[in-house]
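**Student:** Chains as they are written, first to last, in my numbering: chain A, 1 to 228; chain B, 1 to 228.
Using N, Cα and C, we set each Cβ at its ideal position, and we do this for glycine too.
Right, I'll just put the structure down here and ask away after.
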DNA sequence: CATTATAATGATGTATACATCACTTGTCAA
DNA sequence: TTGACAAGTGATGTATACATCATTATAATG
């Protein structure tokens, strides 16, 4: 009885939250979609109570907006939103590298560096490696508020990455990550933080350029002004 | 019909959220208290649905923890929590001064400076002035994610201020705010950001010193380790 | 007297019924 | 044909009934 059912049976509200969030950031549900609670109950195989709980959390993360008596709007992406999101990332990422990078063991950095040199990774593997790298610094902080902030912006960034399919930017990402990790290994935290800032700024520019290139063809997804 | 009933009739869930949060950060409900949904329904004069919604939001802000099948724990304050909270403030406050201070009109700064010179303010007035000053920079950013971060940490700080009653620190706060505003008025944003950083660090030290002085007498409120 | 098993209690998790409000559509009149 | 009013539809807001699980107390047995 010790290890048979050690799996914590996730509550429906947690499951609904994760499932719905996944569908939104993966753009299976497109930005701008107007949902109803009933359709979500059907989609998530749960009743309104856990679904409403999930919606409430996603609204706090600015992924959806609850329009009273109308429905649940999956927030559109916009140039404005990109600016806001990356303003937080620029504040955030260099700070945690600068302040908590020294809590990470050298072996972790060397392992990352080896991974960043690989050229035979699939796109999915690179995505995951990217997430792990950034998450490492968040975990090193051991700070629940920092973790919350990262949780709020992380998945939005994932959504933009999926929308922009930036295949050719992945190599650059590897190079920039490599630069950050090597400076951490040297203990040059100012340089590491600066490298992280540059990395975030470049990432922002890549996404903005993509939006500029494609917003003619996808006005229903990329929109400048929020409605209502 | 234009300005008669412009008051948006607040939903019960919004009302429940604000009321409960107010009771927690004002320490009318002491840290460490274990609540039940039923008692909250009674207290907030609402049914479980809006109450659960409020609890869910407060859990995301780390003000309460939902203990399945046990109750709702009002999170205790701890030295660890203070460190985490102020780590975010130190990252946050100087950044927005540095980046968005120039969006605030000179008149706003001069008005604040006049207020900071006053010596006839009540404690409540000083509290409010303090909040307004910091909120001004958040609003200047026009960034919803920054606003969310500030919303998450702001009220926690209020709670510590109420617990520590730091009467003698209020004068120092006025002086430090004055220093920040004058540097903003000069357009010396690096100096303004540095003044803000010093201000936050001092604020943190004042609270930590208070906790060290009093944690013997209030072990039920100040506790180092989280339970369970 | 101690220990274990069982039943009762009380908490949240979940589902659903009812209330309220906004919007749309259809009909009637000018 | 157009406009206004009313009824119907469908959405969330709210309340409550039921399910599940953990804890505790009590009783029975060694």
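Using a C-beta cutoff of 8 Å, does residue 82(A) count as contacting chain B?
**Tutor:** Cβ-Cβ to chain B under 8 Å: no for residue 82(A).
**Student:** Can you list the residues of chain B that residue 198(A) reaches, using a CB-CB cut of under 9 Å?
**Tutor:** Within chain B, no residue comes near residue 198(A); the closest Cβ sits about 17 Å away, beyond 9 Å.
**Student:** Strictly by DSSP, which residues pair up with residue 73(A)?
**Tutor:** According to DSSP, residue 73(A) bridges with 34(A) and 65(A).
**Student:** Within a Cβ cutoff of 6 Å, which residues of the same chain sit near residue 213(B), ignoring the five residues on either side of it in sequence?
**Tutor:** Result list for residue 213(B): empty, nothing under 6 Å.
**Student:** Assign residue 229(B) to one of three DSSP states: helix, strand, or coil.
**Tutor:** Chain B is shown from 1 up to 228; residue 229(B) falls before or after that span and cannot be answered.
**Student:** Mind checking if residue 241(B) is an interface residue toward chain A, Cβ cutoff 8 Å exclusive?
**Tutor:** Absent from the model: residue 241(B). The displayed extent of chain B is 1 to 228, so no value can be given.
**Student:** To the nearest whole angstrom, what separates the beta carbons of residue 13(B) and residue 50(B), a pair I think is in contact under 8 Å?
**Tutor:** The pair is a contact, with the Cβ atoms about 4 Å apart (cut-off 8 Å).
**Student:** Under 7 Å between beta-carbons, which chain B residues line up against residue 85(A)? List them in chain order, please.
**Tutor:** Those are 145, listed as they occur along chain B.
**Student:** I believe residue 100(A) touches residue 184(A) by the beta-carbon criterion, under 8 Å. Please report the beta-carbon distance rounded to the nearest angstrom.
**Tutor:** Actually they do not touch by this definition, with Cβ atoms about 10 Å apart.
**Student:** Considering only C-alpha positions, which residue in the set 41(B), 201(B), 142(B) and 116(B) is nearest to residue 174(B)?
**Tutor:** Checked all of 41(B), 201(B), 142(B) and 116(B); the closest Cα to residue 174(B) is 116(B).
**Student:** Could you pull out every residue in the same chain whose Cβ sits closer than 7 Å to the Cβ of residue 138(A), ignoring the five residues on either side in sequence?
**Tutor:** Contacts found: 96, 146, 147 and 150.
**Student:** Going by alpha carbons, who is nearest to residue 182(B) out of 107(B), 124(B) and 58(B)?
**Tutor:** It is 107(B).
**Student:** Take residue 143(B) as the anchor and find which of 66(A), 31(A), 33(A) and 87(A) has the nearest alpha-carbon.
**Tutor:** It is 87(A).
**Student:** Taking all protein chains shown into account, decide if residue 31(B) is buried (16 or more other Cβ within 10 angstroms of its Cβ) or exposed.
**Tutor:** Looking at its Cβ environment, which holds 16 or more other Cβ atoms inside 10 Å, residue 31(B) is buried.
**Student:** Can you give me the C-alpha to C-alpha distance between residue 195(B) and residue 190(A), rounded to a whole angstrom?
**Tutor:** Cα to Cα, residue 195(B) sits roughly 21 Å from residue 190(A).
**Student:** At the 8 Å Cβ level, is residue 65(A) part of the contact set with chain B, yes or no?
**Tutor:** Taking Cβ atoms only, chain B never reaches closer than 8 Å to residue 65(A), which makes this a no.
**Student:** Can you find a CB in chain A that lies within less than 8 Å of the CB of residue 153(B)?
**Tutor:** Yes, contact with chain A.
**Student:** Residue 134(A): which of 180(A), 210(A), 64(A) and 60(A) sits nearest, CA to CA?
**Tutor:** Per the Cα distances, 180(A).
**Student:** So the candidates are 89(A), 63(A) and 55(A); which of them puts its Cα closest to the Cα of residue 198(A)?
**Tutor:** Of 89(A), 63(A) and 55(A), the residue nearest in Cα terms is 89(A).
**Student:** Could you say which of 44(A), 35(A), 45(A) and 78(A) lies nearest to residue 69(A) if we only look at CA atoms?
**Tutor:** Cα-wise, what sits closest to residue 69(A) is 35(A).
**Student:** Assuming residue 44(A) contacts residue 153(A) (C-beta within less than 8 Å), just tell me the rounded distance between them.
**Tutor:** Not confirmed; about 24 Å, so no contact.
**Student:** Residue 64(B) to residue 75(B), Cα distance in whole Å?
**Tutor:** Those two C-alpha atoms are separated by around 5 Å.
**Student:** Using beta-carbon positions only, say whether residue 211(B) and residue 82(B) come within less than 8 Å of one another.
**Tutor:** In contact: residue 211(B) and residue 82(B) (Cβ atoms closer than 8 Å).
**Student:** Put residue 229(B) into one of helix, strand or coil per three-state DSSP.
**Tutor:** Residue coverage of chain B in this structure runs from 1 to 228, which leaves residue 229(B) outside it and unanswerable.
**Student:** For residue 58(A), count neighbouring Cβ atoms within 10 angstroms of its own Cβ and tell me buried if that reaches 16, exposed if not.
**Tutor:** With 16 or more other Cβ atoms within 10 Å, it is buried.
**Student:** Buried or exposed for residue 114(B), going by 16 or more other Cβ atoms inside 10 Å?
**Tutor:** Counting Cβ neighbours within 10 Å, residue 114(B) comes out exposed, since fewer than 16 surround it.
**Student:** Can you have a look at residue 3(B) and say buried or exposed, based on whether 16 or more other CB atoms are within 10 angstroms of its CB?
**Tutor:** Residue placement at residue 3(B) is flagged as unreliable, the pLDDT there being 36, under the threshold of 50; the coordinate-derived value follows with that caveat. The residue in question, residue 3(B), is exposed, as its Cβ has fewer than 16 Cβ neighbours within 10 Å.
**Student:** Pick out the complete beta strand (DSSP E) segments inside the segment 91-179 of chain B, 3 residues or longer, and give them in chain order.
**Tutor:** Entirely contained in the segment 91-179 of chain B, not one beta strand (DSSP E) run reaches 3 residues.
**Student:** Got a sec, what are the start and stop residues for the alpha helix (DSSP H) residue 59(A) sits in?
**Tutor:** 48-60 is the span of the alpha helix (DSSP H), which, as asked, contains residue 59(A).
**Student:** For a contact defined as C-beta to C-beta under 8 Å, what are the partners of residue 60(A) on chain B?
**Tutor:** Going along chain B in sequence order, the residues near residue 60(A) (Cβ under 8 Å) are 57, 60 and 148.
**Student:** Mind checking residue 26(A): buried by the 16 CB within 10 Å criterion, or exposed?
**Tutor:** The residue in question, residue 26(A), is exposed, as its Cβ has fewer than 16 Cβ neighbours within 10 Å.
**Student:** Which chain A residues are close to residue 138(B), counting only those with a beta carbon under 7 Å from its beta carbon?
**Tutor:** Simply none; closest approach about 12 Å.
**Student:** Output needed for residue 177(B): all residues of its chain with C-beta closer than 6 Å, excluding positions within five of it in sequence on either side, in chain order.
**Tutor:** Around residue 177(B): 116 and 133.
**Student:** Rounded to the nearest angstrom, how far is the Cβ of residue 60(B) from that of residue 60(A), given a contact under 8 Å?
**Tutor:** Indeed, because the Cβ distance is near 6 Å, the residues count as touching under 8 Å.
**Student:** With a cut-off of 8 Å on the beta carbons, I'd call residue 56(A) and residue 53(B) a contact; round off their distance for me.
**Tutor:** That pair is a contact at about 6 Å.
**Student:** Check whether the Cβ atoms of residue 91(B) and residue 91(A) lie closer than 8 Å to each other.
**Tutor:** Against a cut-off of 8 Å, the Cβ pair of residue 91(A) and residue 91(B) comes out as a contact.
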